[in-house]
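Encoded as structure tokens, the structure appears first; notes follow it.
Numbering (the working numbering), first residue to last: 131 to 238.
Structural data, given as structure tokens:
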């Protein structure tokens, strides 16, 4: 596939893994959503992340997805029962749960 050993290594050095994120609280704005992904990124390098939005109202829904560069990082966060995010951006701590997505390495 790749003739260069550097390109070959780069192409095979990671296996992305997608997780499903559910928040017990509503995300009211982009700053709160970013705070959630800031916390999630402490478990490993993220390739992609997003909270879903209602197509009509554009409000953030209580769920989203994140793709970790390495599957072992996704497995670490999924092993946690609840992840509590404390920030002045939230009236009370935001709790999220994470599960492996059915289409773990694919983008939406």
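Every residue, glycine too, gets a C-beta built ideally from N, C-alpha and C.
Distance between beta carbons of residue j and residue i, contact taken as under 8 Å
{"i": "residue 225", "j": "residue 213", "result": "7 Å"}
{"i": "residue 271", "j": "residue 161", "result": "A question about residue 271 goes unanswered here, because the residues of the chain that appear run from 131 up to 238."}
{"i": "residue 207", "j": "residue 173", "result": "4 Å"}
{"i": "residue 177", "j": "residue 199", "result": "5 Å"}
{"i": "residue 153", "j": "residue 193", "result": "7 Å"}
For residue i, three-class secondary structure by DSSP
{"i": "residue 198", "result": "strand"}
{"i": "residue 144", "result": "coil"}
{"i": "residue 230", "result": "strand"}
{"i": "residue 150", "result": "strand"}
Identified DSSP bridge partners for residue i
{"i": "residue 225", "result": "214"}
{"i": "residue 220", "result": "Residue 220 pairs with nothing; no bridge assigned."}
Which runs of the alpha helix (DSSP H), 4 residues or longer, sit entirely within the segment 153–213?
-> With a minimum length of 4 residues, the continuous alpha helix (DSSP H) runs that stay inside the segment 153–213 are 160–170, 201–209.
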